[in-house]
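In UniProt numbering, the protein residues as written are 1 to 527. Ideal placement from N, C-alpha and C gives every residue a C-beta, glycine not left out. Following: one structure in structure tokens, then a few remarks.
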Amino acid sequence: MLTAPLSLALRLKWQKKAYASCRRGITFVANEGVRCAPRPPVSLFTHCPDYIAGQNAPDRERPGAMRISRGRTRIWRRVAFVVAAIALVYLMLPLDSHTRLAVRRLFHTPLQRTFSRQQLLATPPPYPVDLATDVVLVIKTGYGTRARLPGTLAFLDGGNRTSTSSVPEGPLFSNILLVGDFVTQQGQHYRCNGEELPMNDVVGMTISLAGPQPKDKEPAPKVGFYHDLQNAIVAADEEAAMALSKKFGWELDALKFISSLELAYRRFPDKKWYVLADDDTYLVRPALRQFLGQFHPACEHYLGNGVGGWEGRFAHGGSSIFLSHGALRRLFDGHPAIVAAAHTTALTTGMGDSLLSNTLMKVGLYVAEEHSVLFNGETPETAKIRPDRFCLPVLSFHGLRAPDQTLAVDRVLQTNWTAPTPPLWRDIWSLYGGPSLESLEATPHRVDWDHVGSLDEYTTTARDVQQASDCQVLCEARRDQCMAWRWEQETGECHQSPWVIVGGKAEGKTSGLNLRLVRKLDESCNV
1 MLTAPLSLAL RLKWQKKAYA SCRRGITFVA NEGVRCAPRP PVSLFTHCPD
51 YIAGQNAPDR ERPGAMRISR GRTRIWRRVA FVVAAIALVY LMLPLDSHTR
101 LAVRRLFHTP LQRTFSRQQL LATPPPYPVD LATDVVLVIK TGYGTRARLP
151 GTLAFLDGGN RTSTSSVPEG PLFSNILLVG DFVTQQGQHY RCNGEELPMN
201 DVVGMTISLA GPQPKDKEPA PKVGFYHDLQ NAIVAADEEA AMALSKKFGW
251 ELDALKFISS LELAYRRFPD KKWYVLADDD TYLVRPALRQ FLGQFHPACE
301 HYLGNGVGGW EGRFAHGGSS IFLSHGALRR LFDGHPAIVA AAHTTALTTG
351 MGDSLLSNTL MKVGLYVAEE HSVLFNGETP ETAKIRPDRF CLPVLSFHGL
401 RAPDQTLAVD RVLQTNWTAP TPPLWRDIWS LYGGPSLESL EATPHRVDWD
451 HVGSLDEYTT TARDVQQASD CQVLCEARRD QCMAWRWEQE TGECHQSPWV
501 IVGGKAEGKT SGLNLRLVRK LDESCNV
């Protein structure tokens, strides 16, 4: 008599457990001999995927299917948790931490590209810039290199330009700030565009802002170097002053970067752009105007030629450094403690351009390396013309150390470049006397010449090469990896480079180009 009620109770228990399991997202499988209750209406269990899937859902026929699904869900939840934890830890790291810099170097930089040639040459640019009124040009010099300044200022003086120049008449830069490790007295100031330009001693400014040195430590050697130089200048001992500047000028240079930009920002607080350049740097002004016009100056931009290791990439000072108003406002108005610490660090650091980058990284600003291909840290004759920049404008030249060399470069551009658009990297070749491709096809070997230049980790050297034609074959066999070759008769070495330079005389060496690659690149500039 008790069998029927007991059987009914067991059936109800299994049904209840099955429905509850469905609500939890689990397929319940009854024991053999027990039949589950009919499926309830879908409307009552819309939260249950197993019922909504329909009568023929394959997972319903496999007892372990939902358990596998649950396992996968747990795995993905754990993965999501780990990723979120890593992201949280990353965001909590200091902005200049090595971990952040490594991640940025690995993922950010390779994915970025500079503007296209069409963008850089389009007029007007999105954010037009008047170099005369919107830009502060900070020229950095030293007592030992001050002889370069007259030539540098001469090409900036509107009265020195010829009528063939593609640059409009009038002052090129109205806001010029000269900075160095000495001062000029009344009657000694420099002149440009009809105005006097005094020299600002920013090295002394940095030492003053750094504050007194700790009594328990020896004074920073740079402080002593600076005072020795000042004593020699005051005593009018030119020989001693020049010797000291030649010996220690590079070390004092590191003290100029932060204080130079701070002085420029305080003296010209409403300008759009601040350009920091050396006294041996030439700025290609039409290209500079177009390039700066691609960026909104109120945003935070740190632009230059990125160099250095992954743990501290920085804009090379010699190639020139561009900082927007937004960037300097963030640094000098928003983080005075970081700026003060940078002045102190300058007393012991080796390179000022690296210190500037490290300081900017502390406030979250990193050099925009995707634009490095536009900057140049070499002279026109030694500038490395590479495939990735062949058809792009060139912004600067560097290493013009002879007193009138910057002025000479300016005259070459004024005389030989009258196009309304800025010169491209490829145009350096023709501007500085490189032979035409037609003449190179007729005479591919240039004896006693060098189109490769300095060697580095990107060049390839083959030894025991018997003649120049064999070296040419080796270069051409590497297709897009070799632009120029140089064979040295004495050693039998064949050097191959992924760039080409205009070059100069080199006795005992024969050089040439991979004409197939150069012609292909040249044709791509016309597309």
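Looking at the structure shown, is residue 135 part of a helix, part of a strand, or coil, going by DSSP?
-> Residue 135 carries a strand assignment under DSSP once its states are collapsed to helix, strand and coil.
Are there 16 or more other CB atoms within 10 angstroms of the CB of residue 395, so buried, or fewer, so exposed?
-> Per the 10 Å Cβ criterion, buried.
Beta-bridge partners of residue 129, as assigned by DSSP | Answer is none; residue 129 lacks a bridge partner.
Using beta-carbon positions only, say whether residue 259 and residue 184 come within less than 7 Å of one another.
-> Not a contact, by the Cβ cut-off of 7 Å.
Distance, Cα to Cα, residue 362 vs residue 335?
-> Their Cα atoms are separated by approximately 9 Å.
Out of curiosity, what's the CA-to-CA distance linking residue 180 and residue 277?
-> Using only the alpha carbons, I get a separation of about 12 Å.
Take the Cβ of residue 439 as the centre, count every other Cβ of all protein chains shown within 10 Å, and call the residue buried at 16 or more, exposed below.
-> By the 10 Å Cβ count, residue 439 comes out exposed.
Are the Cβ atoms of residue 450 and residue 509 separated by less than 7 Å?
-> Going by C-beta atoms, residue 450 is nearer than 7 Å to residue 509.
Reducing DSSP to helix, strand and coil, say where residue 199 ends up.
-> Here residue 199 sits in strand by DSSP.
Are the beta-carbon atoms of residue 347 and residue 147 separated by less than 7 Å?
-> No. Outside cutoff.
Beta-carbon proximity of residue 242 to residue 144, cut-off 7 Å | Closer than 7 Å, so yes.
Distance, Cα to Cα, residue 444 vs residue 492?
-> If you take the alpha carbons of residue 444 and residue 492, they lie about 19 Å apart.
Alpha helix (DSSP H) runs contained entirely in the region 235 to 315, provided each spans 4 or more residues | Runs of the alpha helix (DSSP H) inside the region 235 to 315: 238 to 253, 257 to 267 and 285 to 292.
By how many angstroms is the C-alpha of residue 74 removed from the C-alpha of residue 322?
-> Approximately 50 Å, taken between the alpha carbons.
Is residue 384 helix, strand or coil when you go by DSSP?
-> In this structure, residue 384 counts as coil in the three-state DSSP scheme.
Residue 414, DSSP secondary structure in three states = In this structure, residue 414 counts as helix in the three-state DSSP scheme.
Are residue 254 and residue 344 close, meaning C-beta to C-beta below 7 Å?
-> No. Outside cutoff.
Considering only the beta carbon of each residue, do residue 494 and residue 474 sit closer than 7 Å?
-> The answer is yes: Cβ separation under 7 Å.
Please state whether DSSP places residue 186 in a helix, a strand or coil.
-> The answer is coil: DSSP assigns residue 186 none of H, G, I, E or B.
For residue 544, which residues does DSSP report across the bridge?
-> Missing from the structure shown is residue 544; the chain here goes from 1 to 527 and no further.
Check the DSSP bridge columns for residue 450 and list the partner residues they point to.
-> Residue 450 is bridged to 504.
For residue 462, which beta-bridge partners are listed by DSSP?
-> In the DSSP output, where bridge partners are listed per residue, residue 462 has 494.
Between which two residues does the beta strand (DSSP E) containing residue 322 stretch?
-> In the DSSP assignment, residue 322 falls within the unbroken beta strand (DSSP E) covering 321 to 324.
For residue 406, I'd like the list of residues in its chain whose CB is within less than 6 Å of its CB, leaving aside the five on either flank, ordered along the chain.
-> The residues are 151, 152, 155, 282 and 400.
Leaving out five residues on either side along the sequence, give the residues of the same chain with a beta carbon under 8 Å from the beta carbon of residue 256.
-> Around residue 256: 140, 179, 180, 181, 202, 203, 206 and 352.
Can you give the Cα-Cα distance for residue 193 and residue 421, rounded to whole angstroms?
-> Rounded to whole angstroms, the gap between the alpha carbons of residue 193 and residue 421 is 25 Å.
Do the CB positions of residue 284 and residue 137 come within less than 7 Å of each other?
-> No, they are not a contact pair.
Would you mind working out which of 371, 301 and 379 sits nearest residue 432, comparing C-alpha positions?
-> Out of 371, 301 and 379, 379 has the C-alpha closest to the C-alpha of residue 432.
Cβ separation of residue 126 and residue 326, assumed to be a contact under 8 Å, to the nearest whole Å = So it is not a contact: roughly 16 Å between Cβ atoms.
Out of curiosity, what's the CA-to-CA distance linking residue 229 and residue 502?
-> So the two alpha carbons sit approximately 39 Å from each other.
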